[in-house]
Amino acid sequence: MIRFLAIVGVCLAGWIWPPGEAIAEGLTPVPFEQKELLQVKVNRLIADPTSQQPVVFLADSLEERALLIWIDFFEANAISWEIHGIKQRRPQTHELIKRILQKVNGTIHHIVISHIKKNIYYATIVVEREGSFVEIDARPSDSIVMALKFKAPIFVSKTLFREMAIPLEQHKGIEELYGFTLQDLTLSLAKAFSFGSTRGVLVSDVRTGSRAEEDGVERGDIFVEVGEQAVEDVMLMKDALAKSETAVKAKIFRKAHFLTITLHPPSP
Numbered sequence: 034m035i036r037f038l039a040i041v042g043v044c045l046a047g048w049i050w051p052p053g054e055a056i057a058e059g060l061t062p063v064p065f066e067q068k069e070l071l072q073v074k075v076n077r078l079i080a081d082p083t084s085q086q087p088v089v090f091l092a093d094s095l096e097e098r099a100l101l102i103w104i105d106f107f108e109a110n111a112i113s114w115e116i117h118g119i120k121q122r123r124p125q126t127h128e129l130i131k132r133i134l135q136k137v138n139g140t141i142h143h144i145v146i147s148h149i150k151k152n153i154y155y156a157t158i159v160v161e162r163e164g165s166f167v168e169i170d171a172r173p174s175d176s177i178v179m180a181l182k183f184k185a186p187i188f189v190s191k192t193l194f195r196e197m198a199i200p201l202e203q204h205k206g207i208e209e210l211y212g213f214t215l216q217d218l219t220l221s222l223a224k225a226f227s228f229g230s231t232r233g234v235l236v237s238d239v240r241t242g243s244r245a246e247e248d249g250v251e252r253g254d255i256f257v258e259v260g261e262q263a264v265e266d267v268m269l270m271k272d273a274l275a276k277s278e279t280a281v282k283a284k285i286f287r288k289a290h291f292l293t294i295t296l297h298p299p300s301p
């Protein structure tokens with residue numbers, strides 16, 4: 034948020050005072066290739082049942098699939114306030130930025146969530162003033178709040194959405210549908226299972242007669258990869274399973290050895 038405020042301040046300085054050449058170069062029209070983007074909307078805001086960290090769902094127009102982004106509590110509150118129309122007694126950070134932009138006749142034109150790198154999503158806020166545009170690098174959470182405040186469209190790269198979005202219905206109960214219970218690895222659990230890392234997902238229970246049992250999943254297994262995707266926590270594991278439309282290979286750690294088994298996730 035501090036970095037975001039600093040960048041906004043620099044951009045506003047170029048609008049309020051006569052810009053130098055370097056600043057003026059940043060105020061050229063921004064290309065807007067909508068054909069490469071998918072417009073989404075905030076579908077829901079929940080708490081991750083495992084970590085209690087807020088998760089925002091960005092769904093397509095049919096609300097069939099959604100991109101899930103884990104965010105901080107401050108931004109989650111700000112999103113919730115916008116969704117429910119709750120006004121604060123004094124302007125919070127995002128409201129302050131909105132008022133500053135409005136004072137200089139600026140607005141949020143749109144935001145784009147463009148890509149993911151090392152499990153971190155990246156976004157861009159496009160600010161417009163009197164026909165000039167400037168792109169601001171920002172976290173998706175801040176970008177979403179500002180888009181909601183200005184009722185600006187939210188876009189996601191079609192490639193990113195295709196690769197990372199999951200079916201909304203399937204996400205509701207993958208553990209129940211498949212028949213096992215998952216939990217994140219703590220340091221003490223990792224030591225107890227002689228596993229040298231906390232990056233993995235522990236199977237704490239397998240329901241008798243379930244598809245998980247049929248696939249050979251056992252209580253005490255530690256999932257490391259699903260479909261060649263590293264699963265470092267429960268939500269990544271759920272997402273990997275939800276995106277698997279057919280049988281998928283999984284790498285597990287069992288009784289001091291790494292094994293590969295085939296999973297058959299439930300259909301949506």
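For the sequence shown, the positions run 34 to 301 when this note's numbering is used.
Backbone N, C-alpha and C fix where the C-beta goes; we use that ideal spot for every residue, glycine too.
Contact under 8 Å by Cβ, residue i with residue j
i: N138; j: E163; result: yes
i: I144; j: I130; result: no
i: M197; j: I153; result: no
i: S147; j: L181; result: no
i: N110; j: A92; result: no
i: D81; j: V88; result: yes
i: A283; j: F256; result: yes
i: L20; j: V189; result: Nothing about residue 20 can be reported from this structure: the residues present for the chain run from 34 to 301 only.
Given residue i as reference, the closest of the options once Cα atoms are compared
i: V234; options: P298, A273, S190; result: A273
i: F166; options: L134, T214, R122; result: L134
i: T214; options: D254, A109, Y154, T293; result: D254
i: I207; options: E247, E251, L222, A275; result: A275
i: S84; options: A289, M268, G229; result: M268
Identity of the residues DSSP links to residue i by a beta bridge
i: Y154; result: I149
i: K282; result: T295
i: I199; result: A99
i: L70; result: S190
DSSP three-state assignment for residue i, whether helix, strand or coil
i: F183; result: helix
i: H297; result: coil
i: D248; result: coil
i: P87; result: strand
i: S230; result: coil
i: S237; result: strand
i: S243; result: coil
Nearest-angstrom Cβ-Cβ length linking residue i and residue j, presumed shorter than 8 Å
i: G212; j: R240; result: 4 Å
i: V178; j: I112; result: 6 Å
i: I102; j: P173; result: 5 Å
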